[in-house]
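Written out below as structure tokens is the structure these notes cover.
In the numbering used here, the protein residues as written are 3 to 362.
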């Protein structure tokens, strides 16, 4: 029997359309569950090993962006594109969360394939990306910039944003326009709007969109998103914000220019993420039943597991963590599968309770 308090920990239930959305919208609940109620006996031998973790690893939180290494030209890179819930944490719990989010997308996804790919990455071995990703990684950066500009044009006219209730609305809040203009100079601010977010882990957080123009020609949308403490902070204390970001970047964007995804302090002591509103190049097949889409889903799930392993594997405690696993790999497979399926059972019961409630 699952305690109702555990089910009550899930937020955004009524806005989640399926199990996958429910799990992806509740990273804080996962880390709280693992701290307070998770049956972690089977994981005891792996829990001492920690470092910087993704916090909310799932297929939608990896993507392709044009990023600069040092002073070189931008290149298309496959990276973690969402640091919101990252931080110091237990490697094994991060991997289990990834298994959970993957199985929530497709119950037929093979956990063993995810485990194999993760362990290969943990040992420093990178697997080949799926062909679709390889093609996108070879895209000229100029083509990506054109897509960003077309996205801005879609949401704006000559004079500013095309406002629409519930999608993008006029903004007149505590972060004043002059502050935004100073932050984004020398680009010209054309208009400022607010993006309501009703679902997901960012629900309730202020999200400001800024339409900017470069050299009176090129337009793009910049985003200021209110910072909130990461989900990992519910499991263990995190360092001060500046140190936290430095550590997260060092693991997930090693050697890359972090100014493309930065934190700035505005409106007094409030932290905001500042970044270009990127174009999503990868259409994650969360619900597709087509064979070719399912095949890509499985390839993507395996590749992302490997990328997570690589990120964990480049840290100080990774080698002894890996050696501990390799003393009995089958025990690791069994323990991580057991923990993932137990949590999925909890999430399924939370979703079922929603379905049983009148008006939902």
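Ideal Cβ positions, reconstructed from N, Cα and C, are used throughout, including at glycine. This structure is a prediction, so every number in the text was calculated from the model and none was measured.
Considered as a whole, the segment 80-156 harbours 89-92 as its complete beta strand (DSSP E) runs of no fewer than 3 residues, in chain order.
Positions of the alpha helix (DSSP H) runs, each at least 4 residues long and wholly inside the segment 283-333, are given as 293-315, 320-328 in order along the chain.
Contact between the segment 51-59 and the segment 304-319 is established, with three or more Cβ pairs separated by less than 8 Å. Where residue 246 is concerned, the enclosing alpha helix (DSSP H) starts and stops at 243-254. For residue 228, the enclosing beta strand (DSSP E) has its first and last residue at 220-228. Per DSSP, residue 182 is one residue of the alpha helix (DSSP H) stretching across 179-186. Contact annotation: the segment 164-178 does not touch the segment 287-298, with fewer than three C-beta pairs closer than 8 Å. Rounded to the nearest angstrom, the gap between the Cα atoms of residue 156 and residue 66 is 21 Å. In this structure, DSSP gives residue 24 a helical state, which the three-state scheme calls helix.
Of the candidates 92, 91, 112, the residue whose Cα lies closest to the Cα of residue 101 is 112. Exposed is the label assigned to residue 140, since fewer than 16 other Cβ atoms lie within 10 Å of its Cβ. Beta-bridge analysis with DSSP links residue 193 to 213. Just so you know, the alpha carbons of residue 344 and residue 163 end up roughly 46 Å apart. Residue state for residue 261 is assigned as helix, using DSSP reduced to three classes. The segment 274-290 makes no contact with the segment 93-100: fewer than 3 CB pairs, one atom from each, lie closer than 8 Å. Counting only residues of its own chain and dropping the five nearest sequence neighbours on each side, residue 286 has a CB closer than 6 Å to the CB of 61, 62. In terms of CA proximity to residue 340, 43 leads the group 43, 177, 269.
Residue pairing by DSSP places residue 275 opposite 227, 265 in a beta bridge. Going by C-alpha positions, residue 119 is about 17 Å away from residue 333.
Residue nearest to residue 145 within the set 192, 105, 78, 132 is 78 (criterion: CA-CA distance). Within a 10 Å sphere around the beta-carbon of residue 304 sit 16 or more other beta-carbons, which makes this residue buried. In this structure, residue 191 and residue 183 form a Cβ contact; the two beta carbons are roughly 5 Å apart against a cut-off of 8 Å. Out of 29, 26, 55, the CA that lies nearest to the CA of residue 252 is found in 55. If one requires a minimum length of 4 residues, the alpha helix (DSSP H) runs lying completely within the segment 22-66 are 29-38, in chain order.
Excluding sequence positions up to five before and after residue 106, its CB lies within less than 6 Å of the CB of 21, 22, 25, all in the same chain and listed in chain order. Within the same chain, Cβ atoms closer than 7 Å to the Cβ of residue 30 are found at 233, 236, the five residues on either side in sequence being excluded. In terms of Cβ geometry, residue 215 and residue 189 form a close pair [threshold 8 Å]. DSSP places residue 340 within a helical segment (H, G or I) once states are collapsed to three.
Beta-bridge annotation (DSSP): residue 163 is paired with 158. Measuring C-alpha to C-alpha distances from residue 116 to each of 283, 187, 302, 247 identifies 302 as the nearest. Here residue 276 is not near residue 85, since their CB atoms are 8 Å or more apart. Of all alpha-carbon atoms in 64, 326, 238, the one lying nearest the alpha-carbon of residue 83 is that of 64. Within its own chain, the residues whose Cβ lies closer than 8 Å to the Cβ of residue 310, once the five positions on either side in sequence are excluded, are 56, 59, 96, 97, 100, 120, 123, listed in chain order. It is roughly 26 Å from the alpha-carbon of residue 19 to the alpha-carbon of residue 211.
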